[in-house]
Amino acid sequence: MCRFADSHPTPSPDAPPGRSPWANARRRYRQNRAAQLSLLLLLLLGLAVIVGPWLLPHRYDDTDWSALSQAPGWQGGHWFGTDDLGRDLLARTLIGGRISMLVGVLGTLIAVVIGVAWGAISGFAGGKVDALMMRLVDVMYALPFMLFAILLMTFFGRSLLLMFVALGAISWLDMARIVRGQTLSLKSREFVEAARALGVTRRALIMRHIVPNLLGVVAVYATVTIPNVILTESVLSFLGLGVQEPLTSWGVLVQEGQQNMSSAPWRLLIPAVFLSLTLYCANFVGDGLRDALDPKDR
Amino acid sequence: MPLLQVEELGVRFATPDGMVHAVNGVSFSLEAGQTLGIVGESGSGKSQTMLALMGLLAHNGQTSGQAWFQGQDLLRLHPRALNRLRGNRLAMIFQDPMTALNPYLTIERQMSEVLQHHQHMTRRGARLRAIELLHAVRIADGAARLDMYPHQFSGGMRQRVMIAMALLCRPQVLIADEPSTALDVTVQAQILSLLRELQRDFGTAIVLISHDLGVVAGLCDQVIVMYGGRVMEQATAESLFYRPSHPYTMGLLAALPRLDSDAATLVSIPGEPPDPAHPPRGCPFAARCNQADEQCQTLAPPLAPAPHDPAVLRACHRAWETWPPAGERQHA
Amino acid sequence: MPGYLLRRLLGAIPTILVVVSVCFLMLQLAPGGPFDSERKVSPEVLANLQAKYHLDQPLYRQYGYYLNNLLHGDLGVSFRYADWSVNALVANALPVSAAVGGVAMLLSLLIGLTLGIVAALKQNSALDYLLMLLGNLGSAVPSFVIGPVLILLFCLWRPWLPYGQFSLSPAYMVLPVVLLTLINVSTLGRVMRGSLIEVMSSPFIRTARAKGLPLATIVLRHALKPALMPVVTLLGPLAVSSVAQAVLTETLFAIPGLGRLLVNGALNRDYTLVLGLVILIAIATVLFNLLVDIAYALLDPRIRY
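Chains as they are written, first to last, in our numbering: chain D, 5 to 302; chain P, 83 to 414; chain R, 2 to 306.
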């Protein structure tokens, strides 16, 4: 009889320490320099648009008759120049940023609410209900968002609230799909079955077991949705179908800039840079989060 | 003059986590018409050895050593020269026939192109030859099957198609990397017996890579046992299985469950294979070998003829003067 | 294959019906309809509306007329301009959009796919990084930012190209086509690159290499078809997003196409025009997606058999 069966196993010398999935995700995210830098920039931008307008010498709707269509410079305190009504461009850009970001966040919030509700119900219910709900999602997916945004804005006027609703209403599809997928996979996981076997009520099941596991995925996809909503709002505003005076957003500012491109190119470039930078950074952060949580999902 | 002569072959991969050494100095030779089996556990480097010869390593793979085939060193050949040999004089079939065939092309296209490229046949001529080979691998109705797609075949048939495709140009060497592992047991037996017949009919030398000792025992004249990127033992199949002379080989054989033993527990070799990123200085098996001494830990034993039988090569410091070694019993 | 086609066709019908029904319901919300009594509508328009939509009939009858009109290809009448039917407006605008969009799409495919293939084959080289950087930029910076910058560069600072109006001549078409192509090339290129890289590491490519085939044969015969699958899948959403792109581009460059028609209709509160266009574009999108599905089946034999 061979002696191997009696030997003691030799311990492997340098077994790597175990790592939880969250720790792995955090590590991957930290290694993503682009995402970290982008997050920092975003926070700075967010700070600027929230706090900035209070710190500036000029308000966004103050007309300065002595400085009409002034190029960026140091005089008069109009660092980014002014528009043809003498309004300070820096202030307007920051205020516009407030609206753009607000729309982005709130529109995403609505998308999250609708999407999570739709996806969770669909996934949890299963069967025919699920099939029908997802079919509706497929139908909506195949149609151009822009059309319906334009349709909604045409018929229902242009209030800020409507803007949130309209944008949220066309952005929830991805969220619903993801949430449904997660719910389906969670539903059949052992710990849910175990909880069921222990007699946990359905409500407690959803609240205590399913929702916490959804939070991660929802957070990631919300982060990815925000730049899309900002972009859609900017496009609508650019077309003239967005927020109305006296409010302004980056899209409106870019449009005004575009109309006056030949005489005052800074009116185009400055809001354009702010907008592009925000979108670029938000995309990196969203991608970074998504990669960190699921590196295969590219 | 051996057909294929491999000397001190080394394969390593440059990864972000450091250099990974998959193969550390493997040497063997292959004669014309011979069947050679390469046995080892996952990670022993057996596949990488043959992939290196065929020039199919990943982008970050580097080779060292030499591999002589018909007067050329395969490891240093220009890609175009290597392409003249691959599929032509040297052929390889892979483990999973499901993914090894292109699902978007018909069988006919995948087979004809080999003949069109290497032997400049016309499409029609190639088609006829392909049908011949399909017949040789026992696929009935070859003509109709040719125009089908891989997903229309069963697993066993797909592997036969792979074999037929490999033999189209009558290669001198056929490398079979775990050809039956992905198939179920009855089909496995068919494929192996097919290989045996084809070897007889076509005179091709076969290198059979497997982790399954039974598969190798059934088919191969010579067998190499690999561990930790090195060769542990090389002998004829009969010598290896009936008179193993390396602790690792003996451990492998002991671990095979037997119908006629009434042992309550399954035997396994305790411990784990060495980390290819940090290959041990001495014998790779030293950590798990209960015969190991200090010399084994620090100095890698050379592959040398065994004292009791010079036809057997073993890489072990512990000498067995006669066979069986004193105090050791073996399975009959 | 015919069975597959039929099934996809039948699947598309509910989508179209949903769109049409939603639009029909929204029609009821337009002034002059039963829900709105504030806005004044000109008598000619009102007469047109009555004749076309039978607004005095019960709802289900109206729906019937509506569907009937659509089946005959009648998209309705304009809400603002008594002389114009939606069809007439579309007939004027469609060729322009088709010309600009068609050329752009063709160029995008040619350039995007070629760049993607080159980048994949020369992975991690300087060329690859450059292409990927451009690609990222093209998809992150919004087109209504790139567009004006292009105009700034090529029309205003250096008066190489005309600006302000539009006609279907090369000089006027260059910038809008470039803009549309830039955006699509970045997406197509990235997807093609990623897809080809993945395919080139498949087991069956290893088999092809083991057979001693030259690289060109391997890429063109073995790798291209599977690598194109994600690209084909992409064409669907690309078509959907190109609606938005067209709208923007046409607004920017004053191109009298369908996009600008839509936007002007929205700004003018031309409800029926907007509805008619929405239905038209939605149907076109659905049909395009159907074509994409068919292309998919043609490429992948596993779907067909």
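Virtual Cβ for every residue (Gly too), placed ideally from N, Cα, C.
Between residue i and residue j, what straight-line distance do the alpha-carbon atoms span, to the nearest angstrom?
{"i": "Val-233/D", "j": "Gly-139/R", "result": "18 Å"}
{"i": "Asn-364/P", "j": "His-103/P", "result": "The amino acid occupying residue 364/P in the given sequence is Gly; Asn does not appear at that position. Roughly 14 Å separates the two Cα atoms."}
{"i": "Leu-138/P", "j": "Val-313/P", "result": "21 Å"}
{"i": "Ile-152/R", "j": "Ala-172/R", "result": "13 Å"}
{"i": "Trp-69/D", "j": "Asp-88/D", "result": "9 Å"}
{"i": "Thr-347/P", "j": "Thr-218/R", "result": "54 Å"}
{"i": "Met-332/P", "j": "Gln-234/P", "result": "43 Å"}
{"i": "Ala-225/P", "j": "Glu-214/P", "result": "9 Å"}
{"i": "Arg-1/R", "j": "Ala-337/P", "result": "The question about residue 1/R has no answer, for chain R in this structure spans 2 to 306."}
{"i": "Leu-180/R", "j": "Tyr-145/D", "result": "25 Å"}
{"i": "Leu-272/D", "j": "Thr-250/R", "result": "16 Å"}
{"i": "Ser-266/D", "j": "Arg-159/R", "result": "11 Å"}
{"i": "Glu-90/P", "j": "Ser-109/P", "result": "5 Å"}
{"i": "Ala-298/R", "j": "Ala-296/D", "result": "35 Å"}
{"i": "Asp-178/D", "j": "Leu-172/P", "result": "50 Å"}
{"i": "Leu-164/D", "j": "Tyr-225/D", "result": "24 Å"}
{"i": "Ala-369/P", "j": "Ala-209/R", "result": "40 Å"}
{"i": "Thr-205/D", "j": "Ile-14/R", "result": "41 Å"}
{"i": "Arg-162/D", "j": "Phe-168/D", "result": "11 Å"}
{"i": "Ala-276/D", "j": "Leu-292/R", "result": "37 Å"}
{"i": "Gln-304/P", "j": "Leu-164/P", "result": "27 Å"}
{"i": "Pro-61/D", "j": "Ala-52/D", "result": "14 Å"}
{"i": "Ala-248/P", "j": "Pro-148/D", "result": "50 Å"}
With residue i and residue j assumed to form a contact (beta carbons below 8 Å), what rounded beta-carbon distance in angstroms separates them?
{"i": "Leu-253/R", "j": "Pro-149/R", "result": "7 Å"}
{"i": "Arg-240/P", "j": "Leu-183/P", "result": "6 Å"}
{"i": "Gly-90/D", "j": "Ala-75/D", "result": "Their Cβ separation, rounded to whole angstroms, is 13 Å, which puts Gly-90/D and Ala-75/D out of contact at 8 Å."}
{"i": "Leu-235/R", "j": "Thr-182/R", "result": "Leu-235/R to Thr-182/R, Cβ: 15 Å. No contact."}
{"i": "Gly-190/R", "j": "Ala-120/R", "result": "7 Å"}
{"i": "Ala-115/D", "j": "Thr-229/D", "result": "6 Å"}
{"i": "Gly-220/D", "j": "Val-183/D", "result": "That pair is no contact at about 11 Å."}
List, in order along the chain, the chain R residues whose C-beta lies closer than 8 Å to that of residue i?
{"i": "Pro-76/D", "result": "Going along chain R, no residue has its Cβ under 8 Å from Pro-76/D, so there is no contact; the nearest lies around 16 Å."}
{"i": "Phe-242/D", "result": "Phe-145, Leu-249, Thr-252"}
Please state whether DSSP places residue i in a helix, a strand or coil.
{"i": "Ser-292/P", "result": "strand"}
{"i": "Met-174/R", "result": "helix"}
{"i": "Pro-161/P", "result": "helix"}
{"i": "Leu-187/P", "result": "coil"}
{"i": "Asn-70/R", "result": "helix"}
{"i": "Glu-39/R", "result": "For Glu-39/R, the predicted model reports a pLDDT of 47, less than 50, meaning its position is unreliable; a value from the coordinates is still stated below. Residue state, collapsed to three classes: coil."}
{"i": "Met-453/P", "result": "Since the first residue of chain P shown is 83 and the last is 414, residue 453/P is not available in this structure."}
{"i": "Ile-103/D", "result": "helix"}
{"i": "Thr-252/R", "result": "helix"}
{"i": "Trp-150/P", "result": "strand"}
{"i": "Arg-220/P", "result": "coil"}
Chain R partners of residue i, CB-CB under 7 Å?
{"i": "Met-157/D", "result": "Ala-267"}
{"i": "His-160/P", "result": "Near His-160/P there are no residues of chain R at all, since even the closest Cβ is about 13 Å away, more than 7 Å."}
Who are the neighbours of residue i on chain R, taking C-beta pairs under 9 Å?
{"i": "Asn-142/P", "result": "Near Asn-142/P there are no residues of chain R at all, since even the closest Cβ is about 11 Å away, more than 9 Å."}
{"i": "Phe-176/P", "result": "Pro-204, Arg-207, Thr-208, Ala-211"}
{"i": "Met-136/P", "result": "Arg-210, Ala-211"}
{"i": "Asn-264/D", "result": "The contacting residues do not exist; Asn-264/D stays about 10 Å from chain R at best."}
For residue i, which residues in chain D fall below 9 Å Cβ to Cβ?
{"i": "Phe-167/R", "result": "Here the premise fails: no neighbours, minimum Cβ distance about 16 Å."}
Which chain P residues are close to residue i, counting only those with a beta carbon under 7 Å from its beta carbon?
{"i": "His-73/R", "result": "The premise fails here: His-73/R is roughly 43 Å from chain P at the closest Cβ pair, so nothing lies under 7 Å."}
{"i": "Ala-227/R", "result": "Note that residue 227/R is Pro in the sequence shown here, rather than Ala. Going along chain P in sequence order, the residues near Pro-227/R (Cβ under 7 Å) are Tyr-186."}
I want to verify the contact list: residues of chain D whose CB lies under 7 Å from the CB of residue i, in sequence order.
{"i": "Val-142/R", "result": "Ser-280"}
In chain D, what lies closer than 8 Å to residue i by C-beta?
{"i": "Val-1/R", "result": "Outside the displayed range of chain R (2 to 306) lies residue 1/R, so it cannot be described from this structure."}
Just the chain P side, please: which residues come within less than 9 Å of residue i by C-beta, in chain order?
{"i": "Leu-214/R", "result": "Asn-165, Arg-168, Gly-169, Glu-195, Val-196, His-199"}
Taking 8 Å as the threshold (beta carbon to beta carbon), is residue i in contact with chain A?
{"i": "Thr-16/R", "result": "As a matter of chain content, chain A is missing from the structure shown, whose protein chains are D, P and R."}
Please identify, using Cβ separations under 9 Å, the residues of the region 183–210 of chain R that lie next to chain P, in order along the chain.
Ser-202, Ser-203, Pro-204, Phe-205, Ile-206, Arg-207, Thr-208, Ala-209, Arg-210
Can you pull out the residues from the region 127–151 of chain D whose beta carbon lies closer than 9 Å to at least one beta carbon of chain R?
Cβ contacts with chain R: Arg-139, Leu-140, Asp-142, Val-143, Met-144, Tyr-145, Ala-146, Leu-147, Pro-148, Phe-149, Met-150, Leu-151.
So if I threshold CB-CB distances at 7 Å, which residues from the region 196–225 of chain P count as touching chain R?
Val-196, His-199, His-200
Between the region 52–64 of chain R and chain P, which residues of the former have CB atoms less than 9 Å from a CB of the latter, in chain order?
none
Can you pull out the residues from the region 271–305 of chain R whose beta carbon lies closer than 7 Å to at least one beta carbon of chain D?
Tyr-272, Val-275, Val-279, Ile-282, Ala-283, Thr-286, Val-287, Asn-290
Closer than 7 Å, Cβ to Cβ, to anything on chain D: give me those residues from the region 18–30 of chain R, in chain order.
Val-19, Val-20, Met-27, Leu-30
Under 7 Å, CB to CB, which of the residues in the region 231–249 of chain R have a partner in chain D?
Val-241, Val-244, Ala-245, Val-248, Leu-249
When you check each C-beta in the region 146–160 of chain R against every C-beta of chain D, which residues fall closer than 7 Å?
Val-146, Pro-149, Ile-152, Leu-153, Leu-157
Relative to chain R, which residues along the region 348–368 of chain P have a C-beta separation below 9 Å, given in chain order?
none
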